[in-house]
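Worksheet: the structure to be examined is printed underneath.
Protein chains: 2
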Amino acid sequence: MTASGSDSLVALAERLQGICLGSGLTVGTAESCTGGLVASSITDVAGSSGYFRGGIVAYADDAKASLLDVPGDVLAGHGAVSAQVARAMATGARRRLGVDLAVSVTGIAGPGGGTAEKPVGLTYVAVADGADVAVRRFVWRGDRASNKVASAEAALELLIERATDQPAPGR
Amino acid sequence: MTASGSDSLVALAERLQGICLGSGLTVGTAESCTGGLVASSITDVAGSSGYFRGGIVAYADDAKASLLDVPGDVLAGHGAVSAQVARAMATGARRRLGVDLAVSVTGIAGPGGGTAEKPVGLTYVAVADGADVAVRRFVWRGDRASNKVASAEAALELLIERATDQPAPGR
Chain D
1239 MTASGSDSLV ALAERLQGIC LGSGLTVGTA ESCTGGLVAS SITDVAGSSG
1289 YFRGGIVAYA DDAKASLLDV PGDVLAGHGA VSAQVARAMA TGARRRLGVD
1339 LAVSVTGIAG PGGGTAEKPV GLTYVAVADG ADVAVRRFVW RGDRASNKVA
1389 SAEAALELLI ERATDQPAPG R
Chain V
1239 MTASGSDSLV ALAERLQGIC LGSGLTVGTA ESCTGGLVAS SITDVAGSSG
1289 YFRGGIVAYA DDAKASLLDV PGDVLAGHGA VSAQVARAMA TGARRRLGVD
1339 LAVSVTGIAG PGGGTAEKPV GLTYVAVADG ADVAVRRFVW RGDRASNKVA
1389 SAEAALELLI ERATDQPAPG R
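Those sequence lines, one after another, are chains D and V. Start counting the first sequence at 1239; every next residue gets the next number (the numbering used here). Start counting the second sequence at 1239; every next residue gets the next number (the numbering used here).
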């Protein structure tokens, strides 16, 4: 049994933990549409306190501004579900949490909230590592629950890729 | 299917949402041992953005200080798993998130980290509502996953009780 309910998420979290404990990297999270599921999956694994420092669930737009320093003009100009906001969330989380790698997720889980331009399932995932910020765009086709799990999986996969590529800390 | 994996948690989150949307109360979370599971359960319910503003997962002690303003002397004097730190986390989250009700959870999920004085399963849950802070102590007897779910259930139950007791906002 896993508290967060998805064996695939916990398997990814175990891989991430192995890489980060091996290389001394610290990790944090900034979540909107996943609502804490990435952090919860990471902390399903015993020993996660060895590399996971914490996370911020910025569900409301003003929480993205006040807790993650997402600039108001970026939110107003691009909307909360955008590559620009995903980048700003990851960068803000990395600084606020004082970690080597911070991942962010912002999207429209559904069933409501979609538009022609930004459909239900549209999701951006970003990882900031200090040198740069990688962003990916997805459009999931499932229901709210499966979109949320898919977004959390994508976040953990991007974290694993970036953690694997990192030089040793102290760079 | 629920993304967070526990039907009991989502049922509690649905009850909380009904009460808060009906009374106009806003809610936030401050989580340590549950690692985001309370926030993730709340956001499993469509329409949760109508009352849930966000949450902070303060896994490391310095995240409790920097993100939730838990005083260093309270952490040092009582330990991270204590009624005093649970109170300070809830109070800090309420202020940082700008919400009517903030819940906090701090505990030892296991399997490691227990002592004779503070065994695995020891958990404190607190809710701050502006007038005061209610704290409860539990000692769960399960494994890491079931302790995490039990702690999240206790947090949602305490939120429901306090939300039910609130006077109308704007008091």
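Every residue gets a Cβ at the ideal spot worked out from N, C-alpha and C, and that includes glycine.
Test: residue i CB closer than 9 Å to a CB of chain V
i: residue 1291(D); result: yes
i: residue 1269(D); result: yes
i: residue 1246(D); result: no
i: residue 1272(D); result: yes
i: residue 1330(D); result: no
i: residue 1305(D); result: yes
i: residue 1250(D); result: no
Cβ shell of residue i (< 8 Å), same chain only, five flanking positions each side left out
i: residue 1356(V); result: 1317, 1319, 1346
i: residue 1257(V); result: 1263, 1398, 1401, 1402
i: residue 1395(V); result: 1250
i: residue 1291(D); result: 1264, 1265, 1266, 1335, 1336, 1337
i: residue 1404(V); result: 1261, 1263, 1338, 1339, 1367
Neighbour flag for residue i against chain D, beta carbons, 9 Å
i: residue 1409(V); result: Low local confidence applies: a pLDDT of 46 at residue 1409(V) is under 50, so the model's placement there is unreliable, with the coordinate-based value given in what follows. So, not an interface residue.
i: residue 1313(V); result: no
i: residue 1387(V); result: yes
i: residue 1300(V); result: yes
i: residue 1296(V); result: yes
i: residue 1336(V); result: yes
i: residue 1259(V); result: no
i: residue 1349(V); result: yes
i: residue 1320(V); result: no
i: residue 1364(V); result: no
Other residues of its chain near residue i: CB distance less than 7 Å, five sequence neighbours each side excluded
i: residue 1329(V); result: 1366, 1371
Cβ-heavy atom distance, residue i to the ligand ADP, below 8 Å
i: residue 1396(V); result: Looking at this structure, you won't find the ligand ADP or any other ligand, since it has none at all.
Extent of the continuous beta strand (DSSP E) to which residue i belongs
i: residue 1269(D); result: 1265-1269
i: residue 1345(V); result: 1339-1345
i: residue 1292(V); result: 1290-1296
i: residue 1365(V); result: 1360-1366
i: residue 1372(D); result: 1371-1377
Residues near residue i in its chain [Cβ-Cβ closer than 6 Å; skip 5 each side]
i: residue 1314(V); result: none
Option nearest residue i by Cα separation, candidates the options
i: residue 1285(D); options: 1279(V), 1271(V), 1290(V); result: 1271(V)
i: residue 1348(V); options: 1386(V), 1339(V), 1373(V), 1374(V); result: 1386(V)
i: residue 1379(V); options: 1369(V), 1364(V), 1359(V); result: 1359(V)
i: residue 1363(D); options: 1333(D), 1326(D), 1352(D); result: 1326(D)
Distance, residue j Cα to residue i Cα
i: residue 1409(D); j: residue 1266(D); result: Note that residue 1409(D) scores 46 on pLDDT, short of 50, meaning its location in the model is unreliable; the coordinates nonetheless yield the value given after this. Their backbone Cα atoms lie some 19 Å apart in a straight line.
i: residue 1302(D); j: residue 1306(V); result: 16 Å
i: residue 1279(V); j: residue 1382(D); result: 12 Å
i: residue 1350(D); j: residue 1311(V); result: 45 Å
i: residue 1393(D); j: residue 1388(V); result: 26 Å
i: residue 1281(D); j: residue 1287(D); result: 8 Å
i: residue 1293(D); j: residue 1377(D); result: 24 Å
i: residue 1300(D); j: residue 1309(D); result: 10 Å
i: residue 1298(V); j: residue 1274(V); result: 13 Å
i: residue 1259(D); j: residue 1283(D); result: 13 Å
N-terminal and C-terminal residue of the alpha helix (DSSP H) that residue i is part of
i: residue 1260(D); result: 1245-1261
i: residue 1334(V); result: 1321-1335
i: residue 1308(D); result: Where residue 1308(D) is concerned, there is no enclosing alpha helix (DSSP H), given that its DSSP letter is neither H nor E.
i: residue 1383(D); result: 1382-1403
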